[in-house]
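*Asks:* Below is one structure. I have some questions about it.
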Amino acid sequence: MFPSYNMIKKILSKKIILGAIIVIAILGFVIYQFFFKPDNKEYVLEKVLMGTVVKNVSEIGSVKIAEKSLLGFKSAGRIEKISAKVGDSVKIGQELVRIDASQLFIQLSEAQAALQASQASYEKLIAGASPEDVKVSEAAVAAADVSLAGAEQNLRDVSADTSEDLSQTYQSAFNYLDDGYLKIYDSLIVANSISRTYFGSSDQEGIKVSESKASIQNSLDVVRFYIDKARVSSDRNYTDEALARTKSALLIVKDSLEIIRNMTETANYRDVVSAAANIVFSQQAISGAKIAVGTDVNAAQAKVDASRAQLQKARDELALKKAPARQEDIDLYQAKIRQAQAQVSLLKNQSNDSVLRSPSSGKITEINKREGETTQPAEWIISLLPELPFQIKADIYEEDVVDLAIGNPVSITLAAFLDEALAGRVVSINPAEKMVGGVVYYEITVDFEKEKAGIKSGMTADIVIEVAKKENVLVVPREALLKINGKRKVKILEGGEPQEREVEIGLEGDDLIEIISGLENGQPVIAREKL
Numbered sequence: 053m054f055p056s057y058n059m060i061k062k063i064l065s066k067k068i069i070l071g072a073i074i075v076i077a078i079l080g081f082v083i084y085q086f087f088f089k090p091d092n093k094e095y096v097l098e099k100v101l102m103g104t105v106v107k108n109v110s111e112i113g114s115v116k117i118a119e120k121s122l123l124g125f126k127s128a129g130r131i132e133k134i135s136a137k138v139g140d141s142v143k144i145g146q147e148l149v150r151i152d153a154s155q156l157f158i159q160l161s162e163a164q165a166a167l168q169a170s171q172a173s174y175e176k177l178i179a180g181a182s183p184e185d186v187k188v189s190e191a192a193v194a195a196a197d198v199s200l201a202g203a204e205q206n207l208r209d210v211s212a213d214t215s216e217d218l219s220q221t222y223q224s225a226f227n228y229l230d231d232g233y234l235k236i237y238d239s240l241i242v243a244n245s246i247s248r249t250y251f252g253s254s255d256q257e258g259i260k261v262s263e264s265k266a267s268i269q270n271s272l273d274v275v276r277f278y279i280d281k282a283r284v285s286s287d288r289n290y291t292d293e294a295l296a297r298t299k300s301a302l303l304i305v306k307d308s309l310e311i312i313r314n315m316t317e318t319a320n321y322r323d324v325v326s327a328a329a330n331i332v333f334s335q336q337a338i339s340g341a342k343i344a345v346g347t348d349v350n351a352a353q354a355k356v357d358a359s360r361a362q363l364q365k366a367r368d369e370l371a372l373k374k375a376p377a378r379q380e381d382i383d384l385y386q387a388k389i390r391q392a393q394a395q396v397s398l399l400k401n402q403s404n405d406s407v408l409r410s411p412s413s414g415k416i417t418e419i420n421k422r423e424g425e426t427t428q429p430a431e432w433i434i435s436l437l438p439e440l441p442f443q444i445k446a447d448i449y450e451e452d453v454v455d456l457a458i459g460n461p462v463s464i465t466l467a468a469f470l471d472e473a474l475a476g477r478v479v480s481i482n483p484a485e486k487m488v489g490g491v492v493y494y495e496i497t498v499d500f501e502k503e504k505a506g507i508k509s510g511m512t513a514d515i516v517i518e519v520a521k522k523e524n525v526l527v528v529p530r531e532a533l534l535k536i537n538g539k540r541k542v543k544i545l546e547g548g549e550p551q552e553r554e555v556e557i558g559l560e561g562d563d564l565i566e567i568i569s570g571l572e573n574g575q576p577v578i579a580r581e582k583l
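The sequence shown lines up with residues 53 to 583 when you count with our numbering.
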């Protein structure tokens with residue numbers, strides 16, 4: 053019997069609901085994992101240690117019958133001494149030829165002195181100021197403090213003195229104001245008397261005298277108003293205003309009296325002129341006193357400002373001497389030391405290159421130059437036939453060959469003697485390139501340091517060339533070093549969270565990297581995440 057339509061509908065509905073629940077559960081789990089689940093990552097930590105960094109170049113070569121090596125210098129120079137002759141048997145490292153390097157040694161001495169100076173400056177920075185230097189700075193602060201106190205007291209004294217002088221000048225101004233007022237008042241009395249005695253009110257002369265009298269009366273009222281206002285106010289601007297108004301009033305009175313004088317002679321005219329002159333004098337005295345106040349106070353204030361600046365400078369210098377060295381200054385001095393060390397290393401290498409030494413034991417078969425002659429780069433001087441019957445020839449990739457030098461130690465493993473590592477040295481680097489599969493290579497020759505029985509020409513040799521080595525330097529594992537936006541960084545844990553730290557690196561070895569700055573000895577760094 054087949055299920056009914058309703059039964060099928062119910063079954064499908066249940067499946068749809070169940071499917072929806074499953075989908076929601078999966079989505080919830082994904083969202084939780086990506087957005088809400090705590091980050092419980094664990095990390096493998098490695099400590100920054102003092103160690104040895106070795107940079108190697110590895111390649112595969114083959115054993116060949118020993119051939120003579122043609123030896124020369126990397127740079128041009130005048131041959132100063134040839135220490136061997138044709139037929140001599142020489143040992144590895146024995147001096148063969150020396151070129152003039154006197155100028156190089158002078159430069160090396162200068163570079164070493166500069167390095168010592170940089171190291172001394174760095175040590176002085178780290179040590180900080182001596183107690184004697186601190187005492188000198190403290191004494192300078194004390195002296196500057198005393199100087200400032202003296203300058204401030206002088207400013208107060210000057211301000212008080214000049215203020216008193218200005219007050220006295222303003223006080224004297226009231227004498228001139230009162231005198232001017234009295235002169236105007238007397239002029240009004242005389243004008244009234246003359247008007248009543250000699251002139252009528254309707255004739256032309258009488259009208260002029262009356263107008264002059266009214267002008268004098270108005271001037272008297274104006275002066276009285278401003279003098280009273282200045283006398284009751286502490287604002288000296290009112291005194292200045294009273295002087296200006298009185299001066300103007302006296303000039304008006306003078307003009308009025310001139311009219312009356314033309315009609316009848318009077319002595320009041322001369323009195324008014326004299327009073328006006330006194331007012332002008334008082335104004336000039338006040339102006340001069342104000343200028344003196346400004347000049348003297350400004351000079352005293354300038355001394356205070358200079359003393360305060362000197363005190364601040366002394367305090368800043370003292371604080372600088374007491375403060376520990378800033379990290380920026382430490383980094384700068386360390387960079388100067390590294391720069392000086394690099395220059396010394398460069399000149400040492402150039403000085404060492406001025407001596408041609410035998411890269412292996414053998415016999416001198418030919419000498420191509422004489423003492424006093426000049427040699428050029430890649431020009432051979434000595435022909436050396438190795439003592440041992442076999443050599444290794446290998447092609448080195450162009451990016452690696454720049455790191456190689458004559459005399460580099462080599463670890464050799466032959467397919468026929470896998471359990472034994474043989475020692476050798478690079479004895480020649482052919483300057484002529486060779487193309488192998490479209491890639492540029494340079495052929496090198498490696499001599500064995502000791503003879504090994506059973507070696508045959510044509511055997512395959514794995515060689516590891518030590519091109520650089522630094523001992524007793526800060527190192528981290530290569531896997532801890534990151535390159536982010538062109539900068540070298542490592543990650544450290546701070547508060548349980550990984551944080552990036554920029555570092556300066558030196559020699560890069562196969563497993564370890566030299567750290568020049570950015571980390572400290574014993575500091576843990578993140579090497580990788582735990583799986």
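Virtual Cβ for every residue (Gly too), placed ideally from N, Cα, C.
(1) Relative to the alpha-carbon of Lys535, which residue among Ile279, Asp280, Glu556 and Glu549 has its alpha-carbon at the smallest distance?
(2) For Glu451, tell me which candidate among Ala118, Lys116 and Val519 has the shortest Cα-Cα distance.
(3) Could you compute how far the alpha carbon of Arg288 sits from the alpha carbon of Glu204?
(4) Could you check where the beta strand (DSSP E) with Ile458 kicks off and where it finishes?
(5) Who are Leu167's beta bridge partners in DSSP?
(6) Helix or strand or just coil, what does DSSP make of Phe54?
(7) Using DSSP's beta-bridge definition, name the partner residues of Asp514.
(8) Please classify Arg422 as buried or exposed, where buried requires at least 16 other C-beta atoms within 10 Å of its C-beta.
(9) Could you spell out where the beta strand (DSSP E) holding Glu380 opens and where it closes?
(10) For the region 90-109 against the region 387-399, are there 3 or more C-beta pairs whose distance is under 8 Å?
(11) Less than 9 Å between the beta carbons of Ala136 and Val115, yes or no?
(12) With three or more beta-carbon pairs closer than 8 Å as the criterion, would you say the region 116-125 touches the region 526-541?
(13) Roughly how many angstroms lie between the CA atoms of Ala441 and Leu470, to the nearest whole one?
(14) Would you kindly work out how many angstroms separate the C-alpha atoms of Arg409 and Val488, rounded to a whole number?
(15) Under 9 Å between the Cβ atoms of Leu559 and Val105?
(16) Can you tell me the Cα-Cα spacing of Val75 and Glu546, whole angstroms?
(17) I need the DSSP call for Ile144, collapsed to helix, strand or coil.
(18) Sort out for me which residues DSSP pairs Phe125 with in a bridge.
(19) What is the rounded straight-line gap between the Cα of Ile419 and the Cα of Ser170?
(20) Can you tell me which of Thr465, Ile458 and Ile434 puts its alpha carbon nearest to the alpha carbon of Pro483?
(21) Report back the beta-carbon spacing between Thr497 and Val479 to the nearest angstrom; my notes put them in contact at under 8 Å.
(22) In the structure shown, what three-state DSSP assignment does Val414 receive?
(23) Output the boundary residues of the beta strand (DSSP E) element that contains Asp152.
(24) So what does DSSP say about Leu474, is it helix, strand or coil?
(25) Which partner residues of Phe500 appear in the DSSP bridge assignment?
(26) Terminal residues of the continuous beta strand (DSSP E) containing Gly558?
(27) Could you tell me whether the Cβ atoms of Glu554 and Gly570 are closer together than 9 Å?
(28) For Asp447, report the span of its beta strand (DSSP E) as first-last.
(29) Give the range of the beta strand (DSSP E) segment to which Val407 is assigned.
(30) Taking Gly129 and Thr427 to be in contact with their CB atoms under 8 Å, please state how far apart those CB atoms are, rounded to whole angstroms.
(31) Quick check: the region 149-165 against the region 378-398, are there 3 or more CB pairs under 8 Å?
(32) Please return the same chain residues whose Cβ sits closer than 8 Å to the Cβ of Ala446, not counting the five positions on each side in sequence.
(33) Around the C-beta of Gln551, are 16 or more other C-beta atoms found within 10 angstroms, so that it is buried, or is it exposed?
(34) With Glu119 as the anchor, note down where its beta strand (DSSP E) starts and where it stops.
(35) Hey, Gly232 and Thr298 are a contact pair by Cβ (cut 8 Å); roughly how many whole angstroms apart?
(36) Give the DSSP-derived three-state secondary structure of Ile536 in the structure shown.
*Replies:* Looking at the coordinates:
(1) The count along the sequence shown starts at 1 and reaches residue 535 at position 483. Nearest C-alpha to Lys535: Glu556.
(2) As a first step, residue 451 is located in the sequence shown; it is residue number 399 there, counting from the start. Checked all of Ala118, Lys116 and Val519; the closest Cα to Glu451 is Val519.
(3) Along the sequence shown, read from residue 1 onward, the residue named residue 288 stands at position 236. Along the sequence shown, read from residue 1 onward, the residue named residue 204 stands at position 152. A direct Cα-Cα distance of roughly 26 Å separates Arg288 from Glu204.
(4) Residue mapping note: residue 458 aligns to position 406 of the sequence shown, counting from 1. No beta strand (DSSP E) contains Ile458, which DSSP labels as neither H nor E.
(5) Residue numbering aside, residue 167 sits at position 115 when the sequence shown is read from its first letter. In the DSSP output, where bridge partners are listed per residue, Leu167 has none listed.
(6) Walking along the sequence shown from the start, residue 54 turns up at place 2. Any reading at Phe54 must be qualified, since the residue scores a pLDDT of 48, below 50, and its modelled position is unreliable; no value is offered.
(7) Here residue 514 refers to the residue found at position 462 when the sequence shown is read from its first residue. Answer by DSSP bridge pairing, in chain order: Ile112 and Thr465.
(8) Walking along the sequence shown from the start, residue 422 turns up at place 370. Answer is exposed; the Cβ neighbour count stays below 16.
(9) Residue 380 sits at position 328 when you count from the first residue of the sequence shown. Note, Glu380: premise wrong, no beta strand (DSSP E); alpha helix (DSSP H) at Gln379 to Asn404.
(10) no
(11) Taking the first residue of the sequence shown as 1, we reach residue 136 at position 84. Taking the first residue of the sequence shown as 1, we reach residue 115 at position 63. Their beta carbons are not under 9 Å apart, which means Ala136 does not touch Val115 by this criterion.
(12) no
(13) To locate residue 441, count along the sequence shown from 1; it is residue 389. To locate residue 470, count along the sequence shown from 1; it is residue 418. The residue asked about is misnamed: residue 441 is Pro in this sequence, not Ala. For Pro441 and Leu470, the distance between alpha carbons rounds to 21 Å.
(14) For the purposes of this step, residue 409 is taken as the residue at position 357 of the sequence shown. For the purposes of this step, residue 488 is taken as the residue at position 436 of the sequence shown. About 32 Å.
(15) Taking the sequence shown and counting its residues from 1, one reaches residue 559 at position 507. Taking the sequence shown and counting its residues from 1, one reaches residue 105 at position 53. Closer than 9 Å, so yes.
(16) As a position in the sequence shown, residue 75 is number 23, starting the count at 1. As a position in the sequence shown, residue 546 is number 494, starting the count at 1. Whole-angstrom Cα-Cα distance: 39 Å.
(17) As a first step, residue 144 is located in the sequence shown; it is residue number 92 there, counting from the start. Coil, per DSSP.
(18) Against the sequence shown, residue 125 aligns to sequence position 73. In the DSSP output, where bridge partners are listed per residue, Phe125 has none listed.
(19) Translated into positions along the sequence shown, residue 419 becomes position 367. Translated into positions along the sequence shown, residue 170 becomes position 118. Approximately 45 Å, taken between the alpha carbons.
(20) Taking the sequence shown and counting its residues from 1, one reaches residue 483 at position 431. Comparing Cα-Cα distances from Pro483 to each of Thr465, Ile458 and Ile434, the minimum goes to Ile458.
(21) Reading the sequence shown from its first residue, position 445 is the one you call residue 497. Reading the sequence shown from its first residue, position 427 is the one you call residue 479. That pair is a contact at about 5 Å.
(22) Your numbering for residue 414 matches position 362 in the sequence shown. In the sequence as displayed, the identity of residue 414 is Gly instead of Val. The DSSP-derived three-state label of Gly414 is strand.
(23) If you number the sequence shown from 1, residue 152 lands on position 100. Note, Asp152: premise wrong, no beta strand (DSSP E); not H, not E.
(24) Here residue 474 is taken as the residue at index 422 of the sequence shown, counted from 1. Leu474 carries a strand assignment under DSSP once its states are collapsed to helix, strand and coil.
(25) The sequence position of residue 500 within the sequence shown is 448, counting from 1. DSSP output for Phe500 lists Gly476 as bridge partner(s).
(26) The residue you call residue 558 lines up with position 506 of the sequence shown. Looking at the DSSP string, the run of the beta strand (DSSP E) that includes Gly558 is Glu556 to Glu560.
(27) Residue mapping note: residue 554 aligns to position 502 of the sequence shown, counting from 1. Residue mapping note: residue 570 aligns to position 518 of the sequence shown, counting from 1. Yes, the Cβ-Cβ distance between Glu554 and Gly570 is below 9 Å.
(28) Indexing the sequence shown from 1 puts residue 447 at position 395. Counting along the chain, the beta strand (DSSP E) containing Asp447 begins and ends at Phe442 to Tyr449.
(29) Numbered from 1 along the sequence shown, position 355 holds the residue referred to as residue 407. Run containing Val407: Val407 to Arg409, per the beta strand (DSSP E) assignment.
(30) In the sequence shown, residue 129 corresponds to position 77, counting from 1. In the sequence shown, residue 427 corresponds to position 375, counting from 1. About 6 Å separates the two Cβ atoms, so the contact holds.
(31) Touching, yes, given that three or more Cβ pairs across the two stretches are closer than 8 Å.
(32) If you number the sequence shown from 1, residue 446 lands on position 394. The residues are Glu111, Ile112, Gly113, Ser114, Glu495, Ile496, Val498, Ala513 and Ile515.
(33) Along the sequence shown, one-based indexing puts residue 551 at 499. Gln551 should be labelled exposed.
(34) Taking the first residue of the sequence shown as position 1, residue 119 is located at position 67. First-last for Glu119: undefined, no H or E at that position.
(35) As a working note, residue 232 is residue 180 in the sequence shown. As a working note, residue 298 is residue 246 in the sequence shown. Rounded, the Cβ-Cβ distance is 5 Å, consistent with contact.
(36) Start at 1 with the first residue of the sequence shown, and residue 536 comes out as number 484. Three-state DSSP puts Ile536 in a strand.
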